[in-house]
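**Q** Input: one structure, supplied below.
Here's what the structure looks like:
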């Protein structure tokens, strides 16, 4: 085991996962669910994957206060000070900023990996090697590194990273970050070989990300520079006052698209963003008609390319459904075309307005 | 009150209602369900409608043994001898034959109305008048009378009766009974003005139906002629041995299409066969998009002409559904096009084979 005491892993697990409703509920978002029935939630798997690479005491969870109880239950080995409770939802930039200022106060030499808690990774050995190389690269170079996943299909649900000059090994300069493309454009991306999926995983030194924040998002940096209580009992109260003043913005918009020293490690370890029903469909076993029934008791007639997911012991009989998501959980039923999965968030918000929080 | 002691009403309530799955379940078919949330089941409403016209002690329920408990609960005023338990499912002809032989033994002058238990009737006053006229007509004439409903649309889910010569008042000779027509043919039916919906309600004297049975279905008549214990404690045992020997056949095929003295009372009292989802859709309030949501918490986007029915406190979010039935009850979910409702029975049977009885 190499000396890894300066390595930290920040796992973001405060999202509500509304695009995965009704499985993902505000009270129990998808990262806390044992999605594949393996006995481990997505968050537990994220911790399992990293704990041989980063000392367990250097794992920091960023989450919302309402999930503190669930996390204590799922990860009893973590000490309370490893769990930072965001007092408001402000997107990934303020969340990552807090983690950086906090960790820098604990260890000025810290190198930080930032990881979402709701991804699926199939080849964990290769993942471990890639993560280790990324830590080594940011230990040796003053860069903000992201992981780009080699695409295996023209996916329209992910953002893409276009790579530029070669740096070292699998590390390349970033030419551009792109929004989710149309299918036509996604095909072009694949054909060029220059585009990789934006995984939302990042590596940097505490110093490098703080400097980049001061440069590209000075308003947010100023808020965290104004706090001197990191790592003390007074930190939570200071954050409670300061954090809500941050604007709501993602780390991609706030920093990655603006900083000059951004690079990407091009990897391929069987990754999927389980952020959407479509990605679950892609990762599920399908029958000859392309129906993924998640092991539930479903009988589908004249139906193809659907994902059917039903909680509990329940029979589904359907006919004439093509390319749909059917998801049934207790007091909520969702039936939408797979190509509308980006709208689920909007639909669910309307349902929340109309019927109340309890179903969402 | 006129002297009505010879009037009997046979209510058939032994069906499993598989076309109305998953609301209608083998353990609790639709006739026992409080469908409209009025506090009365369809069967209770059928009894309520008739009890001012026929003495309550002359109401006879024909049902399956497994429903004896439900009936005792829903209709505690009926004596056990008013409930005849069919030892096997054999269609309407054997069921009606048993009722006729049984009632004839109780009262040789009996006039009998046969009614399904799962119909919706909106104008109960007019219904009562039509029923009374039908009793009077079969008291005065040696006929087998059925009720034909004036059609208000080219419904393809019902059989039709073509009327012939006028007899008296609203009573006409029957020219033909027809199967469920195509939509094109149904339109022709409506345009001619000669076709009425076959309601499945019948009126006759015990004598007339027994004579007709001996003539048109002698094998069935012979089985019931072979029993001499009607109205005694030995009846059930005799039926248990004899009834299963009857072939499975409807009263329409066995008698009505063959007997020479068949007539129809042409009526219009807001009738619907609640045998199918389509008929429930027709009888439900709809929004501007033609969606009938049965008062449930449904939010439908880009969707029209659906019927959504969900039991319990549950939210439905759907998109891109047109002309569908969505029905969710506890451990069963049905999603099929409305124009496939005649196939639901087949689908449900397959589900029974595949997943077992408990969901059906």
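Residue numbers (our numbering), protein chains in the order written: chain A, 555 to 914; chain S, 555 to 914. Ideal Cβ positions, reconstructed from N, Cα and C, are used throughout, including at glycine.
#1: Looking at the structure shown, is residue 738/A part of a helix, part of a strand, or coil, going by DSSP?
#2: Going along the region 864-875 of chain A in order, which residues come within less than 9 Å of chain S, judged by CB to CB distance?
#3: Taking the alpha helix (DSSP H) that residue 681/A falls in, what are its first and last residues?
#4: Answer yes or no: do residue 560/A and residue 664/A have a C-beta to C-beta separation smaller than 9 Å?
#5: Could you work out which residues of chain S lie near residue 889/A, taking near to mean beta carbons separated by less than 8 Å?
#6: Which residues of chain S have a Cβ atom closer than 9 Å to the Cβ of residue 886/A, listed in chain order?
#7: Specify, as a first and last residue, the run of the beta strand (DSSP E) that residue 668/S falls within.
#8: Mind reading off the beta-carbon distance from residue 844/A to residue 895/A? Whole number of angstroms is fine, and I expect it under 8 Å.
#9: Which stretch, first to last residue, makes up the beta strand (DSSP E) that contains residue 561/A?
#10: Quick one, which of 735/A, 796/A and 596/A has its alpha-carbon nearest residue 783/A's?
#11: Please confirm whether residue 576/S has its beta-carbon closer than 9 Å to some beta-carbon of chain A.
#12: Is residue 810/A near residue 689/A, with beta carbons less than 9 Å apart?
#13: Taking Cβ positions only, does residue 834/S come closer than 9 Å to chain A?
#14: Contact criterion: CB-CB distance below 9 Å. Does residue 898/A meet it with respect to chain S?
#15: Report all residues from its chain with a CB closer than 7 Å to the CB of residue 721/A; omit the five preceding and five following residues, and keep chain order.
#16: In chain S, what lies closer than 7 Å to residue 712/A by C-beta?
#17: Go through its chain and collect everything with a Cβ distance to residue 740/A's Cβ below 7 Å, but skip five positions before and after it.
#18: If you follow the beta strand (DSSP E) that residue 903/A is in, where does it begin and where does it stop?
#19: Answer with buried or exposed for residue 828/S, where buried requires no fewer than 16 other C-beta atoms within 10 angstroms of its C-beta.
#20: Taking CB distances under 9 Å as the criterion, tell me whether residue 908/S reaches chain D.
#21: Give the residues of chain A in contact with residue 913/S, contact being defined as C-beta atoms less than 7 Å apart.
#22: Do residue 563/A and residue 604/A come within 9 Å of each other at the CB atom, strictly closer than that value?
#23: Taking the C-alpha atoms as reference points, what is the distance between residue 788/A and residue 748/A?
#24: Mind checking if residue 582/S is an interface residue toward chain A, Cβ cutoff 9 Å exclusive?
#25: Should residue 905/S be flagged as near chain A, meaning a C-beta pair shorter than 9 Å?
#26: Look at residue 890/A and residue 718/S and say whether their C-beta atoms are less than 9 Å apart.
#27: Would you tell me roughly how many angstroms separate the C-alpha atoms of residue 595/S and residue 794/A, rounded to the nearest one?
#28: Could you compute how far the alpha carbon of residue 801/S sits from the alpha carbon of residue 582/S?
#29: Verify the CB distance criterion: does residue 902/S have a CB-CB separation below 9 Å to chain A?
#30: Quick check: the Cα distance between residue 819/A and residue 656/A, rounded to an integer number of angstroms?
#31: Given 8 Å as the limit, is there contact between the region 563-577 of chain A and the region 603-623 of chain A, that is, 3 or more CB pairs closer than that?
#32: Just by C-beta distance, which residues in the region 836-853 of chain A are closer than 7 Å to chain S?
#33: Check whether chain A comes within 9 Å of residue 640/S, counting only Cβ atoms and requiring the distance to be less than that.
#34: For chain A, check one thing: does any of its Cβ atoms lie closer than 9 Å to the Cβ of residue 855/S?
#35: Indicate the three-state DSSP secondary structure (helix, strand or coil) for residue 893/A in the structure shown.
#36: Hey, does residue 748/S have any beta-carbon neighbour from chain A nearer than 9 Å?
**A** The short version:
#1: Looking at residue 738/A - three-state DSSP - the assignment turns out to be helix.
#2: Residues passing the 9 Å Cβ filter: 864, 866, 867, 868, 869, 870, 871, 872, 873, 874 and 875.
#3: That run of the alpha helix (DSSP H) goes 678-694.
#4: Using a Cβ distance threshold of 9 Å, residue 560/A and residue 664/A count as a contacting pair.
#5: Result: 870, 871, 872, 873, 875, 880 and 889.
#6: Contact note: residue 886/A reaches chain S through 868, 869, 870 and 871, using a C-beta cutoff of 9 Å and chain order.
#7: Residue 668/S -> beta strand (DSSP E) spans 665-670.
#8: Wrong, their Cβ atoms sit about 16 Å apart, outside the cutoff.
#9: First-last of the beta strand (DSSP E) with residue 561/A: 561-566.
#10: For the options 735/A, 796/A and 596/A, the alpha carbon positioned closest to that of residue 783/A is the one of 796/A.
#11: Yes - at least one Cβ of chain A is within 9 Å of the one on residue 576/S.
#12: No; because the gap between Cβ atoms is not below 9 Å, this pair is not in contact.
#13: No - not a single Cβ of chain A is within 9 Å of the one on residue 834/S.
#14: Taking 9 Å as the threshold, the shortest C-beta distance from residue 898/A to chain S falls below it.
#15: Correct list, in chain order: 727 and 817.
#16: Ordered by position in chain S, no residue passes the 7 Å Cβ test against residue 712/A, which lies about 22 Å from the chain.
#17: 708, 709 and 710.
#18: Element bounds for residue 903/A: not the beta strand (DSSP E) but the alpha helix (DSSP H), 898-909.
#19: With 16 or more Cβ atoms within 10 Å of its Cβ, residue 828/S is classed as buried.
#20: Among the protein chains in the structure shown, which are A and S, there is no chain D.
#21: When 7 Å is used as the limit between beta carbons, residue 913/S is near these residues of chain A: 869, in chain order.
#22: Taking 9 Å as the cut-off, the beta carbon of residue 604/A is found closer than this to the beta carbon of residue 563/A.
#23: A direct Cα-Cα distance of roughly 47 Å separates residue 788/A from residue 748/A.
#24: Contact with chain A is absent for residue 582/S, since none of that chain's Cβ atoms lies less than 9 Å from the residue's Cβ.
#25: Closer than 9 Å: yes.
#26: No, these two residues do not count as a Cβ contact at 9 Å.
#27: Near 57 Å, if we compare the C-alpha coordinates of residue 794/A and residue 595/S.
#28: Distance between residue 801/S and residue 582/S, taken at the CA atoms: about 26 Å.
#29: A Cβ of chain A is located within less than 9 Å of the beta carbon of residue 902/S.
#30: Going from the Cα of residue 819/A to the Cα of residue 656/A covers about 26 Å.
#31: Because the criterion of three Cβ pairs below 8 Å is met, the region 563-577 of chain A and the region 603-623 of chain A touch.
#32: Sequence-ordered contacts of the region 836-853 of chain A with chain S read 851 and 853 [C-beta pairs closer than 7 Å].
#33: Chain A contact via Cβ: absent.
#34: Residue contact with chain A for residue 855/S: present (Cβ-Cβ distance below 9 Å to some residue of chain A).
#35: Residue state, collapsed to three classes: helix.
#36: Not closer than 9 Å to any Cβ of chain A, the Cβ of residue 748/S fails to qualify, so no.
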